[in-house]
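Chemist: Supplied in structure tokens, the structure appears directly below.
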Amino acid sequence: LVKDQEEMNKKIDELIATLPVESEGSVPLYQFKGCWYPSFAIRGNIAADLHFQAQDSDILLASAPKSGTTWMKALVFSIVNRHRHPPNESPLLTTLSHNLIKYIEFRHYLNGNIPENLDQFPKPRLFATHSHYASLPHSIRHSSCRIVYVCRNPLDTFVSFFHFLRLYPKNQPDMDATYVKYCRGIIQFGPFWDNIMGYWQASLEKPEKVLFMKYEDLKEDIVFEMKRLEKFLGFPFSVEEENEGLVEEISSLCSFENLKNLEVNRSEKPTRPGGPPFNSFYRKGEVGDFVNHLNPCMVENLVTITQEKFAGSGLVF
Ligand code: A3P
51 LVKDQEEMNK KIDELIATLP VESEGSVPLY QFKGCWYPSF AIRGNIAADL HFQAQDSDIL
111 LASAPKSGTT WMKALVFSIV NRHRHPPNES PLLTTLSHNL IKYIEFRHYL NGNIPENLDQ
171 FPKPRLFATH SHYASLPHSI RHSSCRIVYV CRNPLDTFVS FFHFLRLYPK NQPDMDATYV
231 KYCRGIIQFG PFWDNIMGYW QASLEKPEKV LFMKYEDLKE DIVFEMKRLE KFLGFPFSVE
291 EENEGLVEEI SSLCSFENLK NLEVNRSEKP TRPGGPPFNS FYRKGEVGDF VNHLNPCMVE
351 NLVTITQEKF AGSGLVF
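If you use this note's numbering, the sequence shown corresponds to residues 51 to 367, in order.
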């Protein structure tokens with residue numbers, strides 16, 4: 051198997067060398083199946099496409115980076131595991147949500163590795179991805195597993211991403227240059243419009259398979275959105291649970307203010323060697339912070355691009 055893996059990685063590296071390439075700070079991004087990937091995630095994407103066996107009970111959490119993934123992971127984990135882990139004993143109190151629900155293409159199948167223990171995960175198994183809908187592993191698209199997609203308005207997503215890039219000292223990103231690339235779709239797992247649109251269309255065509263959620267809606271009415279989520283996931287709250295205030299308890303557990311202030315999420319240590327620090331996943335957690343960072347021209351231009359890309363889709367921000 052190791053030999054097969056080495057052979058496969060060699061072939062993937064040969065493929066990567068032929069792909070269009072752009073840079074994001076010091077990181078090269080390669081365009082594969084219409085999506086801009088760092089190389090390690092392409093290897094992971096291909097390995098998962100070949101080897102990942104989805105189960106109908108699996109739940110996949112999909113998003114473009116900086117769209118509210120950390121929050122959604124906390125919510126999904128807490129809803130699904132509430133009998134095993136009541137909110138006051140939640141692993142979230144001591145563990146970053148990214149270590150409870152890991153990305154398929156750059157954690158489980160990182161660099162093309164094939165994990166062996168996925169069958170032993172408790173059901174429903176929870177996974178995450180930043181890949182586009184069209185390039186999800188084959189067995190995910192062709193099984194009855196469920197997908198929750200969270201998106202966020204591109205202005206705040208861009209600002210959040212820019213701050214995230216700045217954490218890597220080697221990068222020293224320049225706001226204007228990063229913005230120009232973002233508008234051309236060149237950003238990890240972008241173009242943002244394709245990332246969003248694939249899941250939006252899938253949610254219209256297969257509402258039983260894909261639930262489309264917005265960061266802004268979660269901020270506005272978390273209880274309402276959690277009820278959409280629990281029903282879709284097949285874990286509806288009982289009348290007793292609702293009367294006991296469990297929905298509110300979970301929403302408070304997963305709130306920005308609560309999670310941000312936990313020791314684990316305040317840590318400046320890297321989440322993995324070379325990875326972002328734990329505290330980088332909690333910055334401001336607000337809607338509309340873009341006004342503090344983008345000038346009116348940048349805002350207008352990005353709004354126009356977004357409107358053009360989403361015209362006629364029914365999707366508005
Ligand atoms: P800001 O940089 O605008 O503050 P992701 O989880 O996809 O990486 O997205 C990160 C963004 O979500 C950051 O936005 C972060 O502060 C915000 N965020 C993280 N946890 C949150 C929570 N529990 N509630 C609301 N926003 C949260």
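Beta carbons: idealized from backbone N, C-alpha and C, even for Gly.
Considering just the uninterrupted stretch of the beta strand (DSSP E) at Phe171, what are its terminal residues?
Modeler: By one-based count along the sequence shown, residue 171 stands at place 121. Neither: Phe171 is in no beta strand (DSSP E) and is coded neither H nor E.
Chemist: According to DSSP, is Thr145 part of a helix, a strand, or is it coil?
Modeler: Reading the sequence shown from its first residue, position 95 is the one you call residue 145. Residue state, collapsed to three classes: coil.
Chemist: For the 8 Å Cβ check, are there 3 or more pairs between the stretch 79–89 and the stretch 237–244?
Modeler: Result yes; three or more Cβ-Cβ pairs closer than 8 Å.
Chemist: Can you give the beta carbon distance from Ile190 to Leu110, rounded, assuming they're within the 8 Å contact cut?
Modeler: Walking along the sequence shown from the start, residue 190 turns up at place 140. Walking along the sequence shown from the start, residue 110 turns up at place 60. About 6 Å; that satisfies the 8 Å criterion.
Chemist: Should Arg134 be labelled buried (16 or more other beta-carbon atoms within 10 Å of its own) or exposed?
Modeler: Within the sequence shown, residue 134 is the residue found at index 84, counting from 1. Exposed, by the Cβ-count rule.
Chemist: I need the boundaries of the alpha helix (DSSP H) containing Val273, first residue and last residue.
Modeler: Translated into positions along the sequence shown, residue 273 becomes position 223. Where Val273 is concerned, the enclosing alpha helix (DSSP H) stretches over Ile272 to Leu283.
Chemist: To which residues of the same chain is Thr144 closer than 6 Å at the C-beta, ignoring the five residues directly before and after it?
Modeler: Residue 144 sits at position 94 when you count from the first residue of the sequence shown. Excluding positions up to five away in sequence, the list reads Val314.
Chemist: Using the Cα positions of Ile355 and Ser113, report the straight-line distance between them to the nearest angstrom.
Modeler: Within the sequence shown, residue 355 is the residue found at index 305, counting from 1. Within the sequence shown, residue 113 is the residue found at index 63, counting from 1. Each residue's Cα considered, the two are about 20 Å apart.
Chemist: Going by C-alpha distance, which of Glu72, Asn203, Phe282 and Met276 is nearest Leu261?
Modeler: The residue you call residue 261 lines up with position 211 of the sequence shown. Residue Phe282 is the option with its Cα nearest to Leu261.
Chemist: For the ligand A3P, is there a heavy atom less than 7 Å away from the beta-carbon of Lys334?
Modeler: Translated into positions along the sequence shown, residue 334 becomes position 284. Yes; taking the cut-off as 7 Å, the Cβ of Lys334 has a heavy atom of the ligand A3P nearer than that.
Chemist: Could you check where the beta strand (DSSP E) with Gln81 kicks off and where it finishes?
Modeler: Mapped onto the sequence shown, residue 81 falls at position 31. Val77 to Phe82 is the extent of the beta strand (DSSP E) around Gln81.
Chemist: Any idea what DSSP makes of Phe242, helix, strand or coil?
Modeler: Translated into the one-based positions of the sequence shown, residue 242 becomes position 192. Three-state DSSP puts Phe242 in a helix.
Chemist: Run the proximity test for Ala178: is its beta-carbon closer than 7 Å to any non-hydrogen atom belonging to the ligand A3P?
Modeler: Taking the sequence shown and counting its residues from 1, the one referred to as residue 178 is at position 128. No, since every heavy atom of the ligand A3P falls outside the 7 Å radius drawn around the Cβ of Ala178.
Chemist: Going by DSSP in three states, Ser73 sits in which element: helix, strand or coil?
Modeler: Counting from one through the sequence shown, the residue named residue 73 turns up at place 23. Three-state DSSP puts Ser73 in a strand.
Chemist: Relative to the ligand PLP, is the shortest distance from any of its heavy atoms to the C-beta of Ser210 smaller than 7 Å?
Modeler: Ligands present in the displayed structure are limited to the ligand A3P, and the ligand PLP is not among them.
Chemist: By Cβ distance below 7 Å, which residues in the same chain neighbour Glu318 in space, the five residues on each side in sequence not counted?
Modeler: By 1-based counting over the sequence shown, the position of residue 318 is 268. So the qualifying residues of the chain are Pro327 and Asn329.
Chemist: What does DSSP give as the partner residue(s) for Met58 in the beta ladder?
Modeler: Reading the sequence shown from its first residue, position 8 is the one you call residue 58. Its beta-bridge partners do not exist; DSSP assigns none.
Chemist: Roughly how many angstroms lie between the CA atoms of Asn245 and Val200, to the nearest whole one?
Modeler: Position 195 of the sequence shown, counted from the start, is the residue given in the question as residue 245. Position 150 of the sequence shown, counted from the start, is the residue given in the question as residue 200. C-alpha separation (whole angstroms): 11 Å.
Chemist: Spell out a yes or no on whether the stretch 153–162 and the stretch 174–184 are touching, meaning 3 or more CB-CB pairs, one atom from each, closer than 8 Å.
Modeler: As far as the Cβ criterion goes, the stretch 153–162 touches the stretch 174–184, which means the pair count is three or higher.
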